[in-house]
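A.B. asks:
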Amino acid sequence: MLKEFREFAIRGNVVDLAVAVIIGGAFGKIVSSLVDNIIMPLVGLLIGGVDFKTLAITVGGAKIEYGLFIQNIVDFIIVAFVIFLIVRAINSTKKPAPAAAPTTKECPHCFTTIPLKATRCPNCTSQL
Ligand SMILES: [Zn+2]
Numbered sequence: 000m001l002k003e004f005r006e007f008a009i010r011g012n013v014v015d016l017a018v019a020v021i022i023g024g025a026f027g028k029i030v031s032s033l034v035d036n037i038i039m040p041l042v043g044l045l046i047g048g049v050d051f052k053t054l055a056i057t058v059g060g061a062k063i064e065y066g067l068f069i070q071n072i073v074d075f076i077i078v079a080f081v082i083f084l085i086v087r088a089i090n091s092t093k094k095p096a097p098a099a100a101p102t103t104k105e106c107p108h109c110f111t112t113i114p115l116k117a118t119r120c121p122n123c124t125s126q127l
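Mapped onto numbering that gives the first Met the number 0, the consecutive letters of the sequence shown carry residue numbers 0 to 127.
1. Within this structure, are the beta carbons of residue 115 and residue 124 separated by less than 8 Å?
2. Output the distance between the C-alpha atoms of residue 65 and residue 86, rounded to the nearest integer angstrom.
3. Below 8 Å on the Cβ atoms is my guess for residue 56 versus residue 63; work out the distance and round it to an integer in Å.
4. If you draw a straight line from the alpha carbon of residue 93 to that of residue 28, how long is it in whole angstroms?
5. Which value, in whole angstroms, describes the spacing of the CA atoms of residue 21 and residue 53?
6. Under three-state DSSP, which class holds residue 3?
This is how it looks when you write it as structure tokens:
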């Protein structure tokens, strides 16, 4: 069973997944810091210093903190937009893959497609 576990743990996709989770966690901190520490104070300035987090109403004995709910929605929209911009920037730096080299050619006698290395056509038996 130990051997089986080792095979499971060192399989490429498990390691890749672990790396993705760790990088994703660290990346998430950067994005949330960008939103909380840089973008949200600017948004707060633009909307006249209103802090959503303090908005709440009291119904009977229950405190309805709808401000926190609005804050979370705004955070989500900003995070999604920032990630969209980052992904778009990364994609624009990628060059399109070069076209694969041809492996076939056309026989000059019968015009069928044959392997590039062929010295005799398999269809019309012409010497090439
Ligand atoms: Zn041919």
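Where is the CB? At the ideal position from N, CA and C, for every residue including glycine.
C.D. replies: On the basis of the data shown:
1. Position 116 of the sequence shown, counted from the start, is the residue given in the question as residue 115. Position 125 of the sequence shown, counted from the start, is the residue given in the question as residue 124. No, the pair does not count as a contact, with Cβ atoms beyond the cut-off.
2. Start at 1 with the first residue of the sequence shown, and residue 65 comes out as number 66. Start at 1 with the first residue of the sequence shown, and residue 86 comes out as number 87. Looking at the two C-alpha atoms, the distance is approximately 32 Å.
3. In the sequence shown, counting from the first residue as 1, residue 56 sits at position 57. In the sequence shown, counting from the first residue as 1, residue 63 sits at position 64. Right, the Cβ-Cβ distance comes to about 5 Å (below 8 Å), so this counts as a contact.
4. Mapped onto the sequence shown, residue 93 falls at position 94. Mapped onto the sequence shown, residue 28 falls at position 29. Going from the Cα of residue 93 to the Cα of residue 28 covers about 25 Å.
5. As a first step, residue 21 must be located in the sequence shown, where it is residue number 22. As a first step, residue 53 must be located in the sequence shown, where it is residue number 54. About 33 Å.
6. Here residue 3 corresponds to residue number 4 of the sequence shown, with the count starting at 1. Reduced to three states, the DSSP call for residue 3 is helix.
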